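Asks: Using my numbering, read the sequence shown as starting at 40 and increasing by one per residue.
Even for Gly, the Cβ is constructed at its ideal location relative to N, Cα and C.
These numbers were taken from a predicted model, which means no experiment stands behind them.
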Amino acid sequence: MRRLLRADLLLPLVIVAAALALAASDLMATFELTPPGREPIDEQLGGDRHGYAMLLLGAFTLVTLTIAVATGQRAPAWATAGLGIAALVLFLIVDLPDAGDTGEIEIEGIGLAGVEVVAQPGFWLGAAAALTLALAGIAYASQSAEDRTAPRRLWAARRSSSSRRSDPSSSRDRRTDRA
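1. Could you tell me if aspartate 134 is buried or exposed, where buried requires 16 or more neighbouring beta carbons within 10 angstroms of its beta carbon?
2. Excluding sequence positions up to five away, which residues of its chain have a Cβ less than 6 Å from the Cβ of glutamate 71?
3. Assuming glutamate 155 contacts proline 75 (C-beta within less than 8 Å), just tell me the rounded distance between them.
4. Taking glycine 153 as part of the beta strand (DSSP E), name the residues at either end of that continuous run.
5. Is DSSP giving aspartate 81 helix, strand or coil here?
6. Just to confirm my understanding: we take alanine 218, look at its own chain, exclude 5 residues before and 5 after, and list those with CB closer than 7 Å. What are they?
7. If I follow the unbroken alpha helix (DSSP H) through threonine 103, where does it start and stop?
8. I think alanine 120 touches tyrosine 179, with their Cβ atoms under 8 Å apart; what is that distance to the nearest whole Å?
9. Can you list, in chain order, the stretches of the alpha helix (DSSP H) that have 4 or more residues and sit fully within the stretch 114-191?
10. What is the residue span of the alpha helix (DSSP H) that leucine 59 lies within?
11. My guess is that arginine 191 and valine 108 are in contact by the Cβ rule of under 8 Å, so how many angstroms apart are they, rounded?
Rendered as structure tokens:
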């Protein structure tokens, strides 16, 4: 169990989870526009706010991480970190300033109405995912080439051991070696 709780194995999993959460946050409600004392009148999706950039950043992160794990090269690992940093900067510039803001919008049949911008789950998921992706990406890129390829080596080792167990000729060979 301890062998599986190493940073070189966990960081890629954390990056994958954060990239998927970042992409999902773009498809969720980020803000609700709520007049004081009334029901929400509108909601804004993350994708509507930044043109589905978080979805693309999450997808490209998965691609660069796959290349980094497969090759161990530093450039794709730093690209993974850069995409996480870009997601965090985008969140800080586009989403964060509007959280809790108040203003007026025009509502059909009512005219101008004061509203408060209330953060929704997509906002919080995007914040957590962008921060996690940036920090885990930097930590992953800072590892040695051997550590960056650890998940690939573990997967190859498990795959070869499972194929030996399922191959009946290999078990026969092991029995004859013991005799």
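Replies: If we stick to the structure as given:
1. Translated into the one-based positions of the sequence shown, residue 134 becomes position 95. Buried: at least 16 other Cβ atoms inside 10 Å.
2. Translated into positions along the sequence shown, residue 71 becomes position 32. Around glutamate 71: Pro79, Glu82, Val157, Gln159.
3. To locate residue 155, count along the sequence shown from 1; it is residue 116. To locate residue 75, count along the sequence shown from 1; it is residue 36. That belief holds up - the Cβ atoms of glutamate 155 and proline 75 are roughly 7 Å apart, short of 8 Å.
4. The residue you call residue 153 lines up with position 114 of the sequence shown. It spans 150-158 - the beta strand (DSSP E) in which glycine 153 sits, taken as one unbroken run.
5. Taking the first residue of the sequence shown as 1, we reach residue 81 at position 42. Reduced to three states, the DSSP call for aspartate 81 is strand.
6. As a first step, residue 218 is located in the sequence shown; it is residue number 179 there, counting from the start. With a pLDDT of 45 at alanine 218, under the threshold of 50, the modelled position of that residue is not reliable, and the figure given next carries that caveat. Taken in chain order, the list of residues that qualify is empty.
7. The count along the sequence shown starts at 1 and reaches residue 103 at position 64. Looking at the DSSP string, the run of the alpha helix (DSSP H) that includes threonine 103 is 92-110.
8. On the sequence shown, residue 120 is found 81 positions in, with the first residue counted as 1. On the sequence shown, residue 179 is found 140 positions in, with the first residue counted as 1. Indeed, because the Cβ distance is near 7 Å, the residues count as touching under 8 Å.
9. 160-180, 184-187
10. Along the sequence shown, one-based indexing puts residue 59 at 20. Where leucine 59 is concerned, the enclosing alpha helix (DSSP H) stretches over 46-64.
11. To locate residue 191, count along the sequence shown from 1; it is residue 152. To locate residue 108, count along the sequence shown from 1; it is residue 69. Yes, arginine 191 and valine 108 are in contact; Cβ-Cβ is about 5 Å, under 8 Å.
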